[in-house]
Structures are given as structure tokens and as C-alpha cells.
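Participant: Below is the structure I would like to discuss, written out as C-alpha cells.
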Amino acid sequence: MSSGRRAGLPDVDVTEPLVLVVTGPVGRADVPRLCEELRRLLHSAGASGRAPAAVDCDVGGLVRPGLAAVEAVAGLRLTALRYGSRIRLRNAAPELTELLVLTGLAEPP
Numbered sequence: 009m010s011s012g013r014r015a016g017l018p019d020v021d022v023t024e025p026l027v028l029v030v031t032g033p034v035g036r037a038d039v040p041r042l043c044e045e046l047r048r049l050l051h052s053a054g055a056s057g058r059a060p061a062a063v064d065c066d067v068g069g070l071v072r073p074g075l076a077a078v079e080a081v082a083g084l085r086l087t088a089l090r091y092g093s094r095i096r097l098r099n100a101a102p103e104l105t106e107l108l109v110l111t112g113l114a115e116p117p
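Every letter in the sequence shown is one number past the one before it in my numbering, and letter 94, counting from 1, is 102.
Spelled out as C-alpha cells, the structure:
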């Protein structure tokens, strides 16, 4: 008895990645709202059986990223960790990347 090979790539997840888009100026007062938005995104993904290893966080639309943006990234990372996930920053401005390096919050290479 022989079995034919299945079509497609084996063990490849083709689901759409989860994406959180952060735009505009971010102040300290925005951090809890952003973390709650991520929590809802992760919760709904987990409820649908799609517990993600990572969430893409597009920060390309941030205006004048400063220390409040760094605080937001730290809060988002902690929120993701609580759900067994992590965030991947996308389109980060050089200023934000430099601040994350200075604070020790830069993503490992």
C-alpha cells in the first residue's frame, strides 16, 4: 500500500499575520488603550484557535516618536508576553529605533 504525497508545503501556516497599527502622536495616556487593543486582538485570535507566536506592530505612522512611544512599545511587549506571544516592530523610524537601543528595548538582531 502506498500513499501519495499531499499537495502543498508540509507544515506551513498560511494564515494572515495579526497586525496592530500605531499612528499619530502617542502620549503616555495612549499606552493603556494600545495595550487593551493588543489584548483584544490576541484574545480574539486565541478564541479562534489561532494563538499567534507574534503580532506585527506597524509603527511607521508614529509622529515624532519619543519616550512615550518607547513606553508604548514596552507595554505592548509585556501585554504580548502575557498571552504567550511577542510583537515584531515594522516600519520603525530611525529615531524610535535609536531610543529603543538606548533603553535596552531594541529587538535582538
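Idealized CB from N, CA, C, for every residue including glycine.
Could you tell me the alpha carbon to alpha carbon distance between GLU44 and LEU107, rounded to whole angstroms?
Facilitator: The residue labelled residue 44 in the question sits at position 36 within the sequence shown. The residue labelled residue 107 in the question sits at position 99 within the sequence shown. Looking at the two C-alpha atoms, the distance is approximately 23 Å.
Participant: Quick check: what's the CA-CA separation for ASN99 versus ASP64?
Facilitator: As a working note, residue 99 is residue 91 in the sequence shown. As a working note, residue 64 is residue 56 in the sequence shown. One C-alpha to the other measures close to 10 Å.
Participant: Measure the CB-CB distance between GLY35 and GLY69 and report whether it falls below 8 Å.
Facilitator: Translated into positions along the sequence shown, residue 35 becomes position 27. Translated into positions along the sequence shown, residue 69 becomes position 61. No.
Participant: Report the rounded CA-to-CA distance for SER93 versus PRO102, giving the unit in angstroms.
Facilitator: The residue labelled residue 93 in the question sits at position 85 within the sequence shown. The residue labelled residue 102 in the question sits at position 94 within the sequence shown. Cα to Cα, SER93 sits roughly 25 Å from PRO102.
Participant: To the nearest angstrom, how far is it from the Cα of ALA62 to the Cα of ALA80?
Facilitator: Position 54 of the sequence shown, counted from the first residue, corresponds to residue 62. Position 72 of the sequence shown, counted from the first residue, corresponds to residue 80. Each residue's Cα considered, the two are about 17 Å apart.
Participant: Can you check which of these residues, VAL109, THR105, ALA88, LEU110, is closest to GLY54 by C-alpha distance?
Facilitator: For this step, residue 54 is matched to residue 46 along the sequence shown. Considering only alpha carbons, the answer is ALA88.
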